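Residue numbers for the sequence shown follow my numbering, so the first one is 22 and each next one is one higher.
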Amino acid sequence: MRIPIGSVTPASGTAEVVGWVHEVRDLGGLAFFLIRDRTGIIQVTIPKKKASEAVLAAAKAVSRESVVRVAGAVKAIDKAPGGRELVPELFEILNMCESPLPLDVVEKVPADLDTRLDARFLDARRPRVTAVFQIRSAAMHAINTFFFNRGFININTPKIVAAATEGGTELFPIAYFDKEAFLNQSPQLYKQMMMAAGFEKVYEIGPIFRAEEHNTTKHLNEATSIDIEVSFIDHHGVMHILEDLIVHTYQHVHDNCSYQLANLGCTDFAVPKAPFPRLLYSDAIAIAQKKIEEPIKYGDDIGSAAERVIGAEMGGHYFIVDWPTEIRPYYAMPYEHDPSICKAFDLMHPRMELASGAERVHQHDLLVQQIRKKGLNPESFEFYLRPFRFGMPPHAGWGLGAERLIMTMLGLSNVREAVLFPRDMHRLVP
Ligand code: AMO
Numbered sequence: 022m023r024i025p026i027g028s029v030t031p032a033s034g035t036a037e038v039v040g041w042v043h044e045v046r047d048l049g050g051l052a053f054f055l056i057r058d059r060t061g062i063i064q065v066t067i068p069k070k071k072a073s074e075a076v077l078a079a080a081k082a083v084s085r086e087s088v089v090r091v092a093g094a095v096k097a098i099d100k101a102p103g104g105r106e107l108v109p110e111l112f113e114i115l116n117m118c119e120s121p122l123p124l125d126v127v128e129k130v131p132a133d134l135d136t137r138l139d140a141r142f143l144d145a146r147r148p149r150v151t152a153v154f155q156i157r158s159a160a161m162h163a164i165n166t167f168f169f170n171r172g173f174i175n176i177n178t179p180k181i182v183a184a185a186t187e188g189g190t191e192l193f194p195i196a197y198f199d200k201e202a203f204l205n206q207s208p209q210l211y212k213q214m215m216m217a218a219g220f221e222k223v224y225e226i227g228p229i230f231r232a233e234e235h236n237t238t239k240h241l242n243e244a245t246s247i248d249i250e251v252s253f254i255d256h257h258g259v260m261h262i263l264e265d266l267i268v269h270t271y272q273h274v275h276d277n278c279s280y281q282l283a284n285l286g287c288t289d290f291a292v293p294k295a296p297f298p299r300l301l302y303s304d305a306i307a308i309a310q311k312k313i314e315e316p317i318k319y320g321d322d323i324g325s326a327a328e329r330v331i332g333a334e335m336g337g338h339y340f341i342v343d344w345p346t347e348i349r350p351y352y353a354m355p356y357e358h359d360p361s362i363c364k365a366f367d368l369m370h371p372r373m374e375l376a377s378g379a380e381r382v383h384q385h386d387l388l389v390q391q392i393r394k395k396g397l398n399p400e401s402f403e404f405y406l407r408p409f410r411f412g413m414p415p416h417a418g419w420g421l422g423a424e425r426l427i428m429t430m431l432g433l434s435n436v437r438e439a440v441l442f443p444r445d446m447h448r449l450v451p
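In structure tokens, the structure reads:
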């Protein structure tokens, strides 16, 4: 019976493993192979004088990154990875790999990100890349469990839509029979509609599409959004849920992914502590005004340069709260005492924005007024506005970028490293 390489120990006695030939070394009387699967690496040692003809023939023929099955005795040895080696009685080539390789899986030859993404299936064999996606999977598991334990209903909303969610121009038009249609920018309108359905707490993890024409290290044209919407709660309530979720997800990764974190060199992985500080938008602008050269004033968006200096001052995760109503979407609820500011927030990591959210406008007429103020036509939002006339409860929610969460959690330098097959202005294949 084959076992995962990561669970082979000197106590195993004998073991059968399958995997890829990671490295080959021939020292005359001894041949060494490193065999790798997604759980680890094991040294296979072949003493040439003692090995069978069949083992020797296969070992001589095999190329790097071929797929092999190896079985034999497990012995303790200090210098090998994991303190053990396998001395094979069986060494079978399941499929031979072509040479030369388009990408060096052992990472002795560094490759730029484009070359890596072009050969993503090979790149993802690298232990540090496998680790990113194993951690992403663990984080998603933690997030699903978090919502499940709190009574959220998991929903799926359409990705082919007729209207812009956030307004603006960042839309991908698609051919939809004889109609005009777009790829959805956000589940915003649909998750809000489910509040009118009485679902009370919903979440969705799904793709969002943004036709943003800038090529940066933190923007994708197809991203994954973790969205929630909750009834009978204000913006403070959903900020609490968000900070609890961040802490829970980091803790789960900390407790369950030590092998992967070690592969990534994250030796000082720290779980953030909630509550995160709340920084007023006006104070955030004041910090930026002191520290960056380009002019920034109250009412401006907080760009990358400002994000970085404010982040450096804050040191850890924090919220920016109480934004000017004018620069937030129409669905953000203005304060009663001063409608020029609204109950909207962003969750920030010192490097960048991770999430946006708000208490929503739940009164139909106010919503129509706010849509108009943004220069949009309420008629194109009739399907969304209708539920607001038939018993829409007060509600609030947020959207959190999954790739940015993983990127900042693992200190990755480019958001594309947190996506298997990223989509950007220049990348549509593979
Ligand atoms: P927003 O547009 O701020 O808010 O998006 C929410 C979060 O999604 C992530 N994100 C992206 N990540 C990578 N590349 C992109 N192009 C990209 N665009 C967005 C970010 C961002 O913080 N409807 C609101 C959410 C709400 O109010 O519930 C919305 O979409 O991490």
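The beta carbon of each residue, even a glycine, is placed where N, CA and C say it ideally should be.
No experiment lies behind these values; they were computed from the predicted model shown.
- With a cut-off of 8 Å on Cβ pairs, the segment 404-424 is in contact with the segment 211-219, counting three or more such pairs.
- Of Ala295, Pro298 and Asp321, the smallest CA-CA separation from Ile306 is found for Asp321.
- If you check the CB distance, Leu241 and Val440 come in under 8 Å.
- Counting only residues of its own chain and dropping the five nearest sequence neighbours on each side, Met22 has a CB closer than 7 Å to the CB of Glu37.
- Taking a cut-off of 8 Å on C-beta distances, the segment 24-39 touches the segment 56-74, as three or more cross pairs fall below it.
- Contact between Arg137 and Leu122 is ruled out by a C-beta separation of about 12 Å, above the 8 Å threshold.
- The way I'd put it, the segment 296-305 does touch the segment 340-352; three or more beta-carbon pairs between them come closer than 8 Å.
- The ligand AMO has a heavy atom closer than 7 Å to the beta-carbon of Ser377.
- Per DSSP, reduced to three states, the secondary structure at Met373 is strand.
- Counting only the Cα atoms, Gln209 lies some 9 Å from Glu250.
- Contact between the segment 263-275 and the segment 156-171 is present: 3 or more CB-CB pairs across the two stretches fall below 8 Å.
- If you check the C-beta of Ala244 against the ligand AMO, you find a heavy atom less than 7 Å away.
- Around the Cβ of Pro68, a 10 Å sphere holds fewer than 16 other Cβ atoms; the residue is exposed.
- With a cutoff of 7 Å, Asp322 does not count as near the ligand AMO, since its C-beta is closer than that to no heavy atom of the ligand.
- Per the C-alpha coordinates, the member of His370, Leu368 and Pro360 positioned closest to Gln390 is Pro360.
- The way I'd put it, the segment 321-334 does touch the segment 365-376; three or more beta-carbon pairs between them come closer than 8 Å.
- By the CB criterion at 8 Å, Thr151 and Val95 fall outside the cutoff.
- The beta carbon of Met428 sits closer than 6 Å to the beta carbons of Val436 and Ala439 from its chain, once the five residues preceding and following it are set aside; these are given in chain order.
- Within the DSSP secondary-structure output, Pro228 pairs in a beta bridge with Thr245.
- In the DSSP assignment, His416 forms a beta bridge with Ser252.
- In the DSSP assignment, Thr35 forms a beta bridge with Ala94.
- Taking a C-beta distance under 8 Å as the contact criterion, Met446 and Asn236 qualify as a contact pair.
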